[in-house]
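Quick note on numbering: the sequence shown equals residues 5 to 191 in this note's numbering.
Beta carbons: idealized from backbone N, C-alpha and C, even for Gly.
Just so it is clear, the structure is predicted and the values come from calculations on it, not from any experiment.
Reading through the structure tokens given below for one structure.
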Amino acid sequence: MTEPATPLGQLSEMISPSARQAETDGLDLALLSALATDARQSQRALARAVGVSPPAVADRLARLERAGVIRGYRVEVDWAALGLPVVVYLAVTAVPGMDLSQVIAAIRRLPEVQDMTVVTGALDLLVRLRVRDHAHLRELLLTRIFQIPGVQRTETFLSLADVEPDNFTAALLDELRGRAHQKEAER
5 MTEPATPLGQ LSEMISPSAR QAETDGLDLA LLSALATDAR QSQRALARAV
55 GVSPPAVADR LARLERAGVI RGYRVEVDWA ALGLPVVVYL AVTAVPGMDL
105 SQVIAAIRRL PEVQDMTVVT GALDLLVRLR VRDHAHLREL LLTRIFQIPG
155 VQRTETFLSL ADVEPDNFTA ALLDELRGRA HQKEAER
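Here you go:
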């Protein structure tokens with residue numbers, strides 16, 4: 005006899021595993037901060053910025069990549085310039101008892117999905133979409149999202165503007181560097 009599927013039973017297969025915390029020091033954090041400011045700079049420029057040799061930078065970057073701290077180097081695209089200026093947040097509630105991994109898999113296949121987060125509380129998912137306009141959003145909701153088995157309810161939030169810190173990654177890395185320096189000073 006097969007056990008009934010649980011709503012969150014397959015979820016662990018759909019999400020990235022939690023990474024274990026990597027050992028880093030002030031130099032690692034300085035390199036990451038410099039990359040957060042400009043990920044295209046050469047290892048030689050990075051070496052000048054943090055005060056070590058280019059081979060030392062190469063070794064550190066390779067170690068950070070192996071440890072999963074650096075997951076990649078990406079381009080930041082201005083989606084509005086490519087005709088997708090509208091950001092929509094879609095709160096999704098699944099049918100009670102539905103295997104959430106099936107809903108996630110179906111939503112993940114939609115090209116307009118920029119990212120998706122599994123959340124606690126009254127909703128199950130928070131999905132960020134990129135669309136051309138109101139007509140594109142309506143078509144996406146009516147013909148694709150509302151047709152996904154297991155989607156019970158959605159709530160749509162249109163973004164009026166993105167308000168981001170100047171450089172979230174660099175600012176948070178600088179905070180971590182300050183903490184690391186404080187710990188070193190306490191030793």
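- Across the structure, L33 and E80 are spaced so that their CA atoms are roughly 22 Å apart.
- For F161, the enclosing beta strand (DSSP E) begins and ends at V155 to L162.
- Ranked by Cα distance from D42, the options D170, R70, E188 and M120 are led by D170.
- In the structure shown, Q25 falls within a coil segment according to DSSP collapsed to helix, strand and coil.
- Between A51 and A184, the alpha-carbon positions lie close to 20 Å from each other.
- With three or more CB-CB distances shorter than 8 Å, the segment 154-169 counts as touching the segment 95-103.
- By the Cβ rule, the segment 66-84 does not count as touching the segment 107-116, because fewer than three pairs are nearer than 8 Å.
- Within a 10 Å sphere around the beta-carbon of S37 sit 16 or more other beta-carbons, which makes this residue buried.
- In the DSSP secondary-structure assignment, Y93 is bridged to R132 and F161.
- In this structure, L141 and V92 form a Cβ contact; the two beta carbons are roughly 6 Å apart against a cut-off of 8 Å.
- When V56, R136, D103 and R24 are compared, the shortest CA-CA separation from P89 is found for R136.
- Apart from sequence neighbours up to five positions away, the residues of its chain that approach L180 with a beta-carbon distance below 7 Å are L33, ordered along the chain.
- Of the other Cβ atoms in all chains shown, 16 or more fall within 10 Å of the Cβ of T28; this residue is therefore buried.
- About 5 Å separates the beta carbons of V61 and Q47, which is inside the 8 Å limit, making them a contact pair.
- Counted as a single uninterrupted DSSP element, the beta strand (DSSP E) harbouring V122 occupies residues V117 to V122.
- Only residues of its own chain outside the window of five on either side were considered, and among them V96, T97, A98, L104, V107 and V122 have a CB closer than 8 Å to the CB of D128, listed in chain order.
- According to the DSSP assignment, I108 belongs to the alpha helix (DSSP H) that extends over L104 to R112.
- Judged by beta-carbon spacing, D119 lies beyond the 8 Å limit of R134, meaning their Cβ atoms are not closer than that value.
- One alpha carbon belongs to R24, the other to L176, and they sit about 19 Å apart.
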